[in-house]
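**Student:** Numbering (this note's numbering), first residue to last: 10 to 149.
Idealized CB from N, CA, C, for every residue including glycine.
Mind having a look at this structure? Questions to follow.
Okay, here's the thing in structure tokens:
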């Protein structure tokens with residue numbers, strides 16, 4: 010696994026990988042000369058239908074022959090990308106996990122629900138600000 014996300018240009022058959030960069034919102038990397046030059050060389054814009062943004066944990070699924078460019082994302086940008094990739098039911102739970110930081114009631118139940126729904130422990134820790142050890146203890 011790499012630490013960088015990737016901008017990937019895909020044909021129609023693999024267009025379900027990642028998300029369109031415009032779905033994630035503003036990304037600092039899209040304004041860099043390197044990304045601008047790469048987009049220009051590919052003849053695409055950030056709104057092109059075949060352009061996808063893939064998080065680090067999904068880069069192994071990128072087809073070998075696909076044009077790709079590694080792009081560093083900040084923590085908040087990466088969190089938005091992962092949120093966009095999540096199924097709607099998980100995305101709703103992620104919203105609740107983000108709100109978790111300011112709630113007092115039902116914290117344990119929310120952690121249990123999120124883990125039971127398949128939200129990875131590291132993602133729960135990222136969203137809630139809880140220590141990963143606390144999350145893993147809750148999973149037991």
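#1: By Cβ distance, which residues of its chain are closer than 7 Å to residue 123, with the 5 residues on each side in sequence left out?
#2: Are three or more beta carbon pairs between the segment 77-84 and the segment 33-43 nearer than 8 Å?
#3: Is the distance from the Cβ of residue 75 to the Cβ of residue 17 below 8 Å?
#4: Excluding the 5 residues flanking residue 12 on each side, which residues of the same chain have their C-beta closer than 7 Å to its C-beta?
#5: What residue does the alpha helix (DSSP H) around residue 99 start on, and which one ends it?
#6: Going along the chain, which residues of its own chain have a beta-carbon closer than 8 Å to the beta-carbon of residue 130, five neighbours each way excluded?
#7: If I'm right that residue 120 touches residue 61 with Cβ under 8 Å, what's the distance once you round it to whole angstroms?
#8: Do residue 26 and residue 70 have their CB atoms nearer than 8 Å?
#9: Less than 8 Å between C-beta atoms, sequence neighbours within five positions excluded: which residues of the same chain meet that for residue 46?
#10: Under the three-state reduction of DSSP, which class applies to residue 56: helix, strand or coil?
#11: In whole angstroms, what is the alpha-carbon distance linking residue 42 and residue 94?
#12: So residue 80 is in the beta strand (DSSP E); what residue range does that whole segment cover?
**Tutor:** Taking the coordinates as given:
#1: 102, 106, 133
#2: yes
#3: yes
#4: 65
#5: 97-109
#6: 124, 141, 144, 145, 148
#7: With 8 Å as the limit, residue 120 and residue 61 do not qualify as a contact, their Cβ atoms being about 31 Å apart.
#8: With respect to the 8 Å criterion, residue 26 and residue 70 are classified as neighbours on the basis of their beta carbons.
#9: none
#10: coil
#11: 27 Å
#12: 76-80
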